[in-house]
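Visitor:
Protein chains: 2
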Amino acid sequence: MSAVTLSQVAREAGVSLATASRVLNGSDRRPAEGIAERVRLAAETLGYVANAQAQALARSTTGLVGLVVHDIADPYFSSIAKGVQRRARTHRHQLLLAATSGTDQLDAVAAFAAHRTDAIIMAGSRREDIDPRLLTELERYQKNGGRVVTIGQDWLEGAGAVTIDNRSAGAELTATLVEDGRTRFAFLGGPDDLTTAVERRAGFRAAVARAGLTPEAETVQGFDSQGGYESVRQLVARLGLDRLRGLTLVAANDIMALGAIAALRHAGLHVPDDLWVAGFDDIPNLRDFSPGLTTVRFPLEEIGETAADVALSGDHPRVEHVVGEFVRRESA
Amino acid sequence: MSAVTLSQVAREAGVSLATASRVLNGSDRRPAEGIAERVRLAAETLGYVANAQAQALARSTTGLVGLVVHDIADPYFSSIAKGVQRRARTHRHQLLLAATSGTDQLDAVAAFAAHRTDAIIMAGSRREDIDPRLLTELERYQKNGGRVVTIGQDWLEGAGAVTIDNRSAGAELTATLVEDGRTRFAFLGGPDDLTTAVERRAGFRAAVARAGLTPEAETVQGFDSQGGYESVRQLVARLGLDRLRGLTLVAANDIMALGAIAALRHAGLHVPDDLWVAGFDDIPNLRDFSPGLTTVRFPLEEIGETAADVALSGDHPRVEHVVGEFVRRESA
DNA sequence: AATTTGCAGGAAAGCGCTTTCCACTCTAGA
DNA sequence: TCTAGAGTGGAAAGCGCTTTCCTGCAAATT
Numbered sequence: 000m001s002a003v004t005l006s007q008v009a010r011e012a013g014v015s016l017a018t019a020s021r022v023l024n025g026s027d028r029r030p031a032e033g034i035a036e037r038v039r040l041a042a043e044t045l046g047y048v049a050n051a052q053a054q055a056l057a058r059s060t061t062g063l064v065g066l067v068v069h070d071i072a073d074p075y076f077s078s079i080a081k082g083v084q085r086r087a088r089t090h091r092h093q094l095l096l097a098a099t100s101g102t103d104q105l106d107a108v109a110a111f112a113a114h115r116t117d118a119i120i121m122a123g124s125r126r127e128d129i130d131p132r133l134l135t136e137l138e139r140y141q142k143n144g145g146r147v148v149t150i151g152q153d154w155l156e157g158a159g160a161v162t163i164d165n166r167s168a169g170a171e172l173t174a175t176l177v178e179d180g181r182t183r184f185a186f187l188g189g190p191d192d193l194t195t196a197v198e199r200r201a202g203f204r205a206a207v208a209r210a211g212l213t214p215e216a217e218t219v220q221g222f223d224s225q226g227g228y229e230s231v232r233q234l235v236a237r238l239g240l241d242r243l244r245g246l247t248l249v250a251a252n253d254i255m256a257l258g259a260i261a262a263l264r265h266a267g268l269h270v271p272d273d274l275w276v277a278g279f280d281d282i283p284n285l286r287d288f289s290p291g292l293t294t295v296r297f298p299l300e301e302i303g304e305t306a307a308d309v310a311l312s313g314d315h316p317r318v319e320h321v322v323g324e325f326v327r328r329e330s331a
Numbered sequence: 000m001s002a003v004t005l006s007q008v009a010r011e012a013g014v015s016l017a018t019a020s021r022v023l024n025g026s027d028r029r030p031a032e033g034i035a036e037r038v039r040l041a042a043e044t045l046g047y048v049a050n051a052q053a054q055a056l057a058r059s060t061t062g063l064v065g066l067v068v069h070d071i072a073d074p075y076f077s078s079i080a081k082g083v084q085r086r087a088r089t090h091r092h093q094l095l096l097a098a099t100s101g102t103d104q105l106d107a108v109a110a111f112a113a114h115r116t117d118a119i120i121m122a123g124s125r126r127e128d129i130d131p132r133l134l135t136e137l138e139r140y141q142k143n144g145g146r147v148v149t150i151g152q153d154w155l156e157g158a159g160a161v162t163i164d165n166r167s168a169g170a171e172l173t174a175t176l177v178e179d180g181r182t183r184f185a186f187l188g189g190p191d192d193l194t195t196a197v198e199r200r201a202g203f204r205a206a207v208a209r210a211g212l213t214p215e216a217e218t219v220q221g222f223d224s225q226g227g228y229e230s231v232r233q234l235v236a237r238l239g240l241d242r243l244r245g246l247t248l249v250a251a252n253d254i255m256a257l258g259a260i261a262a263l264r265h266a267g268l269h270v271p272d273d274l275w276v277a278g279f280d281d282i283p284n285l286r287d288f289s290p291g292l293t294t295v296r297f298p299l300e301e302i303g304e305t306a307a308d309v310a311l312s313g314d315h316p317r318v319e320h321v322v323g324e325f326v327r328r329e330s331a
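Chains as they are written, first to last, in numbering that gives the first Met the number 0: chain H, 0 to 331; chain L, 0 to 331.
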């Protein structure tokens, strides 16, 4: 990547480097209009494009913000990413994206640190047992002036956060269903080390217990459609079709709920005639799905936007709290 | 973002800058193991993290690859992004993401050029009338040694590409349906300036004409779920419910097809009992949807991977061609 | 008329690295 | 024993910018 440099432009315009820099790349000192015009013309004819790396080095700020997600193809994360991207743009920042399908958040953070992003947004659902090296890396990053904001919970000292009240969401969803007169529940859960999944289940359990009930089953599967599907197969195997009737299945997220409904359909059970299913998140395009999924909405894009704002604007370690909103549709 | 610098490490280790650089940041010259060990220790204790900006400046290569998509929350693009991200990682590159919901691809490309990304992947569906300034910008970028690869069609001289045969896909899908004995067709189309949408429609038209038939309607709407929904409302208004029965609706993509099916459901029509619907792409999680959507599969993640490979490996202006695969499900 | 201000453009010192030379030591060949 | 050759580590010149001073000039002040 060679390219026209600022000094070529300066020479062409017959001015110094300093002047060229001042007119082209912003400064509080504005050279005289005549000169400025000459510089602009020279830049235009030569096709000058500022070198962001050099600028970053000189200014010691990069205009980059890093986002780490688990799986960018998951609508949950892609919605958040969309929000982040939108606000990053208004803050005149570029988005560096890392999808860490595995446990390699560490690599991603290290890469972002190397690129000296102005901020890092951690959207990957937190795992219960955080890799201590991740913590070390993030703390060092913060000490060097980098900002980090976590989405989900507020788990890092000195970092901003957009917290999501998964526990209450789980409890309220379940309580509402109890009020509907439901008495038999099962939870289709995600992996035990995923905080989001764990908290939603905790809320579910609390609400069920408060109603004096006992869940008939709890599964532990992947946090995706496949996980929902497998959960149902497991339930069918363990309880049998008949005992599934009349059950209310609370899935740890919408995607799992969708997978569960598909599995139920394949098993010959119909939602909501035979049993009920609810989820969390209210991912996009749920409206196209039938039966409409009863869920707890979290404004995903907005969460992304807020995260970007927290990361990129004035008062830093700020934490914004997001609560879910019960959305009643046909499935439960 | 201040941080520990290489020269601090060098001083701590009692060696020169050159040696420290050679030990820590890769070089064909490997300093003696004793010295190397000292440097590594110093780096470790000081918490050194190489400054990618400075490295980029010195090496004149950034290890960045830019991806521009229309809407990262659209499963079509997020799947591609997932593939790109995965391969970028194996090529040891970081992903710079720009979502240009509007016409501002130009800004995105300019930003990528400023950041001296090693390559730019244009996944945003091409518009029929390309902004000439976009072309200029991309050509300059290429002249400076940047690689660009386009996804969809091969519309830029000197660029790599992963071409998608939308026209054939449209034709084959339709032809297959004709073979099934369908005679009455309608096309639910995307915007007229979106090449993907236009080509799929062209294929559809050709196949219908070849069968000696005439489409009963063609709509022009957004390329999203909403567009599919609106298309159906329009059809209902224009043709009436009765004339919709027995029709085969070919939507310009899966998302539109899903929106269409939802609209039909709301209108009291059932797929596939009353009429049929088919789409394109085979986006993820379609399996959870009922009725299963008949579609033409394009391996989205794989397309992303290929694009990244074309962008980042040996022989450049390479073009890979992707053809769709008919997938029969219940909806048509 | 003599001085101070105010502001302009330019020279040059970094920003944190990589890499080319260079000087040097040590081994091996004659 | 002498010299060529093979390696070593280090000095220093960039990479393309920003920004601090500095100098010089014209306008403003007495």
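Quick reminder that beta carbons are idealized off the backbone N, C-alpha and C, glycines included.
#1: Could you work out which residue in H:Val14, H:Leu45, H:Thr44 is closest to H:Ala31 when comparing CA atoms only?
#2: Which complete alpha helix (DSSP H) runs does the stretch 90-178 of chain H hold, if anything under 4 residues is left out?
#3: Under a Cβ-count criterion, where at least 16 other Cβ atoms within 10 Å of its own Cβ denotes burial, should H:Ser26 be classed as buried or exposed?
#4: Mind listing the chain H neighbours of L:Ile71? Cutoff is C-beta to C-beta under 8 Å, in chain order.
#5: Spatial neighbours of L:Ala339 within its chain, please: CB distance less than 7 Å, with the 5 preceding and 5 following residues excluded, ordered by chain position.
#6: With L:Gly82 and L:Ala118 assumed to form a contact (beta carbons below 8 Å), what rounded beta-carbon distance in angstroms separates them?
#7: If I follow the unbroken beta strand (DSSP E) through L:His320, where does it start and stop?
#8: Quick check: what's the CA-CA separation for H:Val235 versus L:Asp191?
#9: For my contact list, H:Glu319 and H:Thr305 are in at a C-beta cut-off of 8 Å; report their separation, rounded to the angstrom.
#10: Using the Cα positions of L:Gly267 and L:Arg244, report the straight-line distance between them to the nearest angstrom.
#11: Return the residues of the stretch 37-61 of chain L that lie within a Cβ-Cβ distance of less than 9 Å from chain H, sorted by chain order.
#12: Tell me which residues of the stretch 263-297 of chain L have at least one Cβ-Cβ distance to chain H shorter than 8 Å, keeping chain order.
#13: Does any heavy atom of the ligand NAP sit closer than 7 Å to the C-beta of L:Ser59?
#14: Give me the chain H residues within the contact set of L:Gly258, using Cβ-Cβ distance strictly less than 9 Å, ordered along the chain.
#15: Would you mind stating whether H:Gln52 and L:Leu187 have Cβ atoms separated by less than 8 Å?
#16: Is there a C-beta anywhere in chain L that falls below 8 Å from the one on H:Ser1?
#17: Nearest chain H C-beta to L:Ala113 closer than 8 Å, yes or no?
#18: Just by C-beta distance, which residues in the stretch 134-146 of chain L are closer than 7 Å to chain H?
#19: Indicate whether at least one CB of chain H lies closer than 8 Å to the CB of L:Ala98.
#20: Once DSSP output is grouped into helix, strand and coil, what is the label at L:Arg29?
#21: Could you check which residue in H:Ala9, H:Thr173, H:Tyr47, H:Gly313 has the C-alpha nearest to that of H:Leu246?
#22: Is there contact here, the stretch 62-79 of chain L with the stretch 246-260 of chain L, by at least three beta-carbon pairs under 8 Å?
#23: For H:Tyr47, which residues of its own chain have a beta-carbon under 6 Å away from its beta-carbon, when the five flanking residues on both sides are left out?
#24: For L:Val48, does the three-state DSSP call read helix, strand or coil?
#25: Which ranges does the beta strand (DSSP E) cover as unbroken runs of at least 3 residues, wholly within the stretch 179-250 of chain L, from first to last along the chain?
#26: Less than 8 Å between the C-beta atoms of L:Ala216 and L:Ala261, yes or no?
#27: Counting contacts by CB-CB distance shorter than 8 Å, is L:Leu94 in contact with chain H?
#28: So is H:Ala19 buried or exposed if we call it buried at 16+ other beta carbons inside 10 Å?
#29: Would you say L:Ser6 reaches chain H, if we count a Cβ-Cβ gap shorter than 8 Å as a contact?
#30: With a threshold of 8 Å between beta-carbons, can L:Ser312 be considered close to chain H, or not?
#31: Between the stretch 213-225 of chain H and chain L, which residues of the former have a C-beta closer than 7 Å to a C-beta of the latter?
#32: Tell me whether L:Ala168 is buried or exposed, calling it buried when 16 or more other Cβ atoms sit within 10 Å of its Cβ.
#33: In whole angstroms, give me the CA-to-CA distance for L:Thr116 and H:Thr195.
#34: Can you check which of these residues, H:Thr182, H:Gly189, H:Ala307, H:Glu156, is closest to H:Pro214 by C-alpha distance?
#35: Please list, in chain order, the residues of the stretch 165-188 of chain L that have any C-beta partner in chain H closer than 8 Å.
#36: State the DSSP-derived secondary structure class of L:Arg296, mapped to helix, strand or coil.
Guide: On the basis of the supplied data:
#1: Taking the first residue of the first sequence as position 1, residue 31 of chain H is located at position 32. With distances taken between Cα atoms, H:Ala31 lies closest to H:Val14.
#2: 104-113, 131-142, 165-178
#3: On the first sequence, position 27 is the one that residue 26 of chain H refers to. By the neighbour-count rule (16 or more Cβ atoms within 10 Å), H:Ser26 is not buried but exposed.
#4: The residue given as residue 71 of chain L occupies position 72 in the second sequence. Those within 8 Å of L:Ile71 in chain H are Ile71, Ser77, Ala80, Lys81, Gln84.
#5: No statement about residue 339 of chain L is possible, as the shown extent of chain L runs from 0 to 331 and does not include it.
#6: As a position in the second sequence, residue 82 of chain L is number 83, starting the count at 1. As a position in the second sequence, residue 118 of chain L is number 119, starting the count at 1. Incorrect: roughly 15 Å between the Cβ atoms, too far for contact.
#7: Position 321 of the second sequence, counted from the start, is the residue given in the question as residue 320 of chain L. L:His320 -> beta strand (DSSP E) spans 318-321.
#8: Taking the first residue of the first sequence as position 1, residue 235 of chain H is located at position 236. Taking the first residue of the second sequence as position 1, residue 191 of chain L is located at position 192. Rounded to whole angstroms, the gap between the alpha carbons of H:Val235 and L:Asp191 is 48 Å.
#9: The count along the first sequence starts at 1 and reaches residue 319 of chain H at position 320. The count along the first sequence starts at 1 and reaches residue 305 of chain H at position 306. So it is a contact: roughly 5 Å between Cβ atoms.
#10: As a position in the second sequence, residue 267 of chain L is number 268, starting the count at 1. As a position in the second sequence, residue 244 of chain L is number 245, starting the count at 1. The alpha-carbon atoms of L:Gly267 and L:Arg244 are separated by roughly 11 Å.
#11: Gly46, Val48, Ala49, Asn50, Ala51, Gln52, Ala53, Gln54, Ala55, Leu56, Ser59, Thr60, Thr61
#12: Arg264, Pro283, Asn284, Arg286, Asp287, Phe288, Ser289
#13: The ligand NAP is absent from the structure shown, which contains no ligand whatsoever.
#14: Numbered from 1 along the second sequence, position 259 holds the residue referred to as residue 258 of chain L. Going along chain H in sequence order, the residues near L:Gly258 (Cβ under 9 Å) are Asn284, Arg286, Asp287.
#15: As a position in the first sequence, residue 52 of chain H is number 53, starting the count at 1. As a position in the second sequence, residue 187 of chain L is number 188, starting the count at 1. Cβ atoms of H:Gln52 and L:Leu187: not closer than 8 Å.
#16: As a position in the first sequence, residue 1 of chain H is number 2, starting the count at 1. For H:Ser1, the answer is yes, since a Cβ of chain L falls inside 8 Å of its Cβ.
#17: For the purposes of this step, residue 113 of chain L is taken as the residue at position 114 of the second sequence. So, interface residue.
#18: Arg139, Asn143, Gly144, Gly145
#19: Along the second sequence, read from residue 1 onward, the residue named residue 98 of chain L stands at position 99. Judged by the 8 Å Cβ criterion, L:Ala98 is in contact with chain H.
#20: Your numbering for residue 29 of chain L matches position 30 in the second sequence. In this structure, L:Arg29 counts as coil in the three-state DSSP scheme.
#21: Position 247 of the first sequence, counted from the first residue, corresponds to residue 246 of chain H. Nearest option by C-alpha distance: H:Thr173.
#22: yes
#23: Working through the first sequence from its first residue, we reach residue 47 of chain H at position 48. Hits under 6 Å: Val3, Val8.
#24: As a first step, residue 48 of chain L is located in the second sequence; it is residue number 49 there, counting from the start. It is coil, neither helix nor strand.
#25: 184-188, 216-219, 247-250
#26: For this step, residue 216 of chain L is matched to residue 217 along the second sequence. For this step, residue 261 of chain L is matched to residue 262 along the second sequence. The Cβ atoms of L:Ala216 and L:Ala261 do not sit closer than 8 Å to each other.
#27: Residue 94 of chain L sits at position 95 when you count from the first residue of the second sequence. Yes, contact with chain H.
#28: Locating residue 19 of chain H in the first sequence gives position 20, counting from the first residue. Result: buried.
#29: Working through the second sequence from its first residue, we reach residue 6 of chain L at position 7. Interface residue (Cβ-Cβ distance to chain H less than 8 Å): L:Ser6 is not classified as such.
#30: Indexing the second sequence from 1 puts residue 312 of chain L at position 313. For L:Ser312, not one C-beta of chain H is nearer than 8 Å to its own C-beta.
#31: Ser224
#32: Locating residue 168 of chain L in the second sequence gives position 169, where the first residue counts as 1. By the 10 Å Cβ count, L:Ala168 comes out buried.
#33: In the second sequence, residue 116 of chain L corresponds to position 117, counting from 1. In the first sequence, residue 195 of chain H corresponds to position 196, counting from 1. Each residue's Cα considered, the two are about 35 Å apart.
#34: Here the question's residue 214 of chain H lines up with position 215 in the first sequence. The shortest C-alpha separation from H:Pro214 is found at H:Thr182.
#35: none
#36: Position 297 of the second sequence, counted from the start, is the residue given in the question as residue 296 of chain L. Reduced to three states, the DSSP call for L:Arg296 is strand.
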